[in-house]
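Enquirer:
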Amino acid sequence: MIYLLLSILSSTGIFILFKSFKKYNVNTLQAIVVNYFTACILGSYLYEAEIDPIAIANSTWFYGAIFLGFLFIAIFNVMALTAQKNGLSVASVASKMSVIIPIIFGIIVFNESVRFIKIFGIILALIAVYLTSIKERDNVVLTQSIYLPILLFIGSGTIDTLVNYFAPDDKIPLFSATIFGIAFCVGLFVLIYKSARTTNRFKIKSIPFGVALGTINYASIYYLLKALRVDGYETSTVFTINNVAIVAFSTLIGLILFKEKISLKNWTGIIIAIVSIIIVTLK
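Number 119 in full-length UniProt numbering belongs to position 119 of the sequence shown; there are no gaps in the numbering.
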């Protein structure tokens, strides 16, 4: 359970940093690229064995890591577009509700248990995610560019599913480093391309923020994968607890640190989130 707790805390830290980007006028794309580089270096450093590029290229998970690296950048941009065109609430709900994809995958592919109490807990968790994520002041336009939240939903769920599916039990740091390394290369290309077309220059402040983001970003994935490999905890249970706890905790952090207003719906979602976690963890 300690791995799951560390994953939740790390993911909440990502939320705090992203909120700080706006406050300190940090270029998000630049920080994201630095973040991927940092996470790649960190994963490589924590991998205790010798790193063999040929062995990596011949591994069963290499092509999955390449696909995930591209997907990381693509979904990041889809999330930004969704927030701009459909509202922050739609982007938040679409990305968080996607947890249903790895849950269903775990039940079907890994033959995980399907009990009424567990299904009831998962349904409660999805309701909690929706109620906690929705912001009443957002200008939500569901009919505008409706394909964007759909793509975000599918893409976010696919990332969670494939990261868990391809990750080798004995090479989690190396696997994570490879994904982040590929994402860095793709992101660097996008950054150079955009810089050539605009007058934007690289900001030095993007480096410390990117390093901090990369550190906790790596930790969030590393500890989630470790939690998914703890005996006695099924994929559907871990993803449900992880996702709903992050949403609820991030909302509370927003209230405490950033003085965000929490509506009655949000408080109801937080309460339901706690109940759903208790139900899902019941044996």
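Built from N, CA and C at the ideal position, the CB exists for glycine as well.
Keep in mind that this is a model prediction, so the values were computed, not measured.
Should the stretch 224-242 be regarded as contacting the stretch 100-113, the criterion being three or more beta carbon pairs within less than 8 Å?
Expert: yes
Enquirer: In the DSSP assignment, the alpha helix (DSSP H) including threonine 28 goes from what residue to what residue?
Expert: Stepping through the sequence shown from its first residue, residue 28 is reached at position 28. For threonine 28, the enclosing alpha helix (DSSP H) covers residues 28-46.
Enquirer: Between which two residues does the alpha helix (DSSP H) holding aspartate 160 run?
Expert: The residue given as residue 160 occupies position 160 in the sequence shown. Start and end: 147-166.
Enquirer: Assuming valine 280 and isoleucine 122 are in contact, meaning their beta carbons sit under 8 Å apart, how far apart are those beta carbons, in whole angstroms?
Expert: The residue labelled residue 280 in the question sits at position 280 within the sequence shown. The residue labelled residue 122 in the question sits at position 122 within the sequence shown. Rounded, the Cβ-Cβ distance is 7 Å, consistent with contact.
Enquirer: With DSSP as the reference, label methionine 1 as helix, strand or coil.
Expert: Numbered from 1 along the sequence shown, position 1 holds the residue referred to as residue 1. DSSP places methionine 1 in coil when its eight states are reduced to three.
Enquirer: Measuring CB atoms only, is the stretch 60-68 touching the stretch 171-185, in the sense that at least three cross pairs come out at less than 8 Å?
Expert: yes
Enquirer: Give the DSSP-derived three-state secondary structure of tyrosine 223 in the structure shown.
Expert: Stepping through the sequence shown from its first residue, residue 223 is reached at position 223. In the structure shown, tyrosine 223 falls within a helical segment according to DSSP collapsed to helix, strand and coil.
Enquirer: Select from Phe37, Phe153, Ile117 and Ile253 the residue whose C-alpha is nearest the C-alpha of methionine 97.
Expert: In the sequence shown, counting from the first residue as 1, residue 97 sits at position 97. That would be Phe153, whose Cα lies nearest to the Cα of methionine 97.
Enquirer: May I ask which residues mark the beginning and end of the alpha helix (DSSP H) holding glycine 181?
Expert: The residue given as residue 181 occupies position 181 in the sequence shown. Counting along the chain, the alpha helix (DSSP H) containing glycine 181 begins and ends at 172-197.
Enquirer: Check for me: the alpha helix (DSSP H) holding phenylalanine 110 runs from which residue to which?
Expert: Counted from its first residue, the sequence shown places residue 110 at position 110. Per DSSP, phenylalanine 110 lies in no alpha helix (DSSP H) and is assigned neither H nor E.
Enquirer: In its own chain, which residues sit with a C-beta less than 8 Å from the C-beta of isoleucine 253, not counting the 5 before and 5 after it?
Expert: Translated into the one-based positions of the sequence shown, residue 253 becomes position 253. Answer for isoleucine 253: Thr12, Phe15 and Ile16, listed in chain order.
Enquirer: What separation, rounded to the nearest whole angstrom, lies between the Cα atoms of isoleucine 73 and arginine 115?
Expert: Counted from its first residue, the sequence shown places residue 73 at position 73. Counted from its first residue, the sequence shown places residue 115 at position 115. Taking the straight line from one Cα to the other gives about 37 Å.
Enquirer: Taking alanine 247 and valine 90 to be in contact with their CB atoms under 8 Å, please state how far apart those CB atoms are, rounded to whole angstroms.
Expert: Against the sequence shown, residue 247 aligns to sequence position 247. Against the sequence shown, residue 90 aligns to sequence position 90. Per the sequence shown, residue 247 should be read as valine rather than alanine. With a Cβ gap of about 15 Å, valine 247 and valine 90 do not count as contacting.
Enquirer: For cysteine 40, which residues of its own chain have a beta-carbon under 6 Å away from its beta-carbon, when the five flanking residues on both sides are left out?
Expert: Within the sequence shown, residue 40 is the residue found at index 40, counting from 1. Within the same chain, cysteine 40 has close Cβ partners Ala177, Phe180, Gly181 and Phe184.
Enquirer: Going by beta carbon distance, what residues of the same chain come within less than 7 Å of phenylalanine 258, once the five residues before and after it are set aside?
Expert: Stepping through the sequence shown from its first residue, residue 258 is reached at position 258. Around phenylalanine 258: Lys19.
Enquirer: Unbroken alpha helix (DSSP H) runs of length 4 or more, entirely within the stretch 217-265: which are they?
Expert: 235-258
Enquirer: Tell me whether leucine 282 is buried or exposed, calling it buried when 16 or more other Cβ atoms sit within 10 Å of its Cβ.
Expert: Stepping through the sequence shown from its first residue, residue 282 is reached at position 282. So leucine 282 ends up on the exposed side.
Enquirer: CA-CA distance, leucine 255 and threonine 132?
Expert: Locating residue 255 in the sequence shown gives position 255, counting from the first residue. Locating residue 132 in the sequence shown gives position 132, counting from the first residue. Each residue's alpha carbon lies about 12 Å from the other.
Enquirer: For the alpha helix (DSSP H) containing lysine 135, name the first residue and the last one.
Expert: Here residue 135 refers to the residue found at position 135 of the sequence shown. First-last for lysine 135: undefined, no H or E at that position.
Enquirer: Where does phenylalanine 202 fall in DSSP's three states?
Expert: Translated into the one-based positions of the sequence shown, residue 202 becomes position 202. Of the three classes helix, strand and coil, the one that applies to phenylalanine 202 here is coil, per DSSP.
Enquirer: Taking the CB atoms as reference points, tell me whether glutamine 30 and glycine 210 lie closer together than 9 Å.
Expert: Counted from its first residue, the sequence shown places residue 30 at position 30. Counted from its first residue, the sequence shown places residue 210 at position 210. In contact: glutamine 30 and glycine 210 (Cβ atoms closer than 9 Å).
Enquirer: Is lysine 282 helix, strand or coil when you go by DSSP?
Expert: Residue 282 sits at position 282 when you count from the first residue of the sequence shown. The sequence given here has leucine at residue 282, not lysine. Coil at leucine 282, not helix or strand.
Enquirer: Going straight from the alpha carbon of leucine 42 to that of leucine 9, what length do you get?
Expert: In the sequence shown, residue 42 corresponds to position 42, counting from 1. In the sequence shown, residue 9 corresponds to position 9, counting from 1. Going from the Cα of leucine 42 to the Cα of leucine 9 covers about 18 Å.
Enquirer: From isoleucine 277 to valine 186, what distance separates their C-alpha atoms?
Expert: Your numbering for residue 277 matches position 277 in the sequence shown. Your numbering for residue 186 matches position 186 in the sequence shown. Looking at the two C-alpha atoms, the distance is approximately 37 Å.
Enquirer: Using only CA atoms, which one of Trp267, Leu225, Pro149 and Ser206 lies nearest to leucine 174?
Expert: Looking up residue 174 in the sequence shown gives position 174. If we check each option's Cα against that of leucine 174, Leu225 comes out closest.
Enquirer: Which class does threonine 215 belong to by DSSP, given the choice of helix, strand or coil?
Expert: The residue you call residue 215 lines up with position 215 of the sequence shown. Looking at threonine 215 - three-state DSSP - the assignment turns out to be helix.
Enquirer: I'd like to know whether the C-beta atoms of tryptophan 61 and alanine 227 end up nearer to each other than 9 Å.
Expert: The residue given as residue 61 occupies position 61 in the sequence shown. The residue given as residue 227 occupies position 227 in the sequence shown. Against a cut-off of 9 Å, the Cβ pair of alanine 227 and tryptophan 61 comes out as no contact.
Enquirer: Grouping DSSP H, G and I as helix and E and B as strand, with all else coil, what is alanine 91?
Expert: In the sequence shown, the residue the question calls residue 91 occupies position 91. The answer is helix: DSSP assigns alanine 91 an H, G or I state.
Enquirer: Below 8 Å on the Cβ atoms is my guess for glycine 155 versus leucine 71; work out the distance and round it to an integer in Å.
Expert: Along the sequence shown, read from residue 1 onward, the residue named residue 155 stands at position 155. Along the sequence shown, read from residue 1 onward, the residue named residue 71 stands at position 71. Indeed, because the Cβ distance is near 6 Å, the residues count as touching under 8 Å.
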